[in-house]
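Novice:
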Amino acid sequence: LNAAAEEQVTRLQAQLKEEQGRRRQAERDFLELMTSIEEQGEGQPQGSSVDLTRPQVPGGAAKTASQRLTQLQVSAGMLGQ
């Protein structure tokens, strides 16, 4: 291969690696979203303790899910480019 072809191969390999990283991050975000929905969907009985390590989002699980879904759609759109 000549120098130009080698540079192109190197550039494409780097681009592929970046895209794979974004895809893995989108998959992790999706799993995090599904876990969050499941946890919030279970609800807490009255009188139960609140986990202060988790952020409390006004509007409940539906609002949180909607926001995360929007973020994931943007991330997925970036993967398709």
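Be aware that the sequence shown starts at 22, since it is given in our numbering, and climbs by one per residue. Ideal Cβ placement from N, Cα and C applies to all residues, glycine included.
Compare the beta carbon distance of Leu90 and Ala47 with 8 Å and say whether it is the shorter of the two.
Specialist: Here residue 90 is taken as the residue at index 69 of the sequence shown, counted from 1. Here residue 47 is taken as the residue at index 26 of the sequence shown, counted from 1. For Leu90 and Ala47, no; Cβs fall outside 8 Å.
Novice: Tell me the rounded alpha-carbon separation between Met99 and Arg49.
Specialist: As a first step, residue 99 is located in the sequence shown; it is residue number 78 there, counting from the start. As a first step, residue 49 is located in the sequence shown; it is residue number 28 there, counting from the start. One C-alpha to the other measures close to 16 Å.
Novice: If you draw a straight line from the C-alpha of Ser87 to the C-alpha of Arg43, how long is it?
Specialist: For this step, residue 87 is matched to residue 66 along the sequence shown. For this step, residue 43 is matched to residue 22 along the sequence shown. Looking at the two C-alpha atoms, the distance is approximately 20 Å.
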